[in-house]
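Student: Offset between the sequence shown (1-based) and the numbering used here: plus 1219. Note that beta-carbon positions come from the ideal geometry of N, C-alpha and C, so glycine has one too. Owing to the predicted nature of the structure, the values given are computational and were not obtained by experimental measurement. Handing you a structure now.
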Amino acid sequence: MDLKDKTVLITGSTDGVGRVVAEKLGASGAHI
């Protein structure tokens, strides 16, 4: 999935699944 220069809003991203999702999306180039 190409997320370069896309903006993503994630709730609950400080711990658990939300944190992992935030890390993966960030690594994909998304702005979090």
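Give me the Cα-Cα distance between residue 1250 and residue 1223, rounded to the nearest whole angstrom.
Tutor: Working through the sequence shown from its first residue, we reach residue 1250 at position 31. Working through the sequence shown from its first residue, we reach residue 1223 at position 4. Cα to Cα, residue 1250 sits roughly 8 Å from residue 1223.
Student: So, residue 1229 versus residue 1246, is the Cβ gap smaller than 9 Å?
Tutor: Translated into positions along the sequence shown, residue 1229 becomes position 10. Translated into positions along the sequence shown, residue 1246 becomes position 27. For residue 1229 and residue 1246, no; Cβs fall outside 9 Å.
Student: Rounding to the nearest angstrom, what Cα-Cα distance links residue 1231 and residue 1239 in this structure?
Tutor: The count along the sequence shown starts at 1 and reaches residue 1231 at position 12. The count along the sequence shown starts at 1 and reaches residue 1239 at position 20. So the two alpha carbons sit approximately 11 Å from each other.
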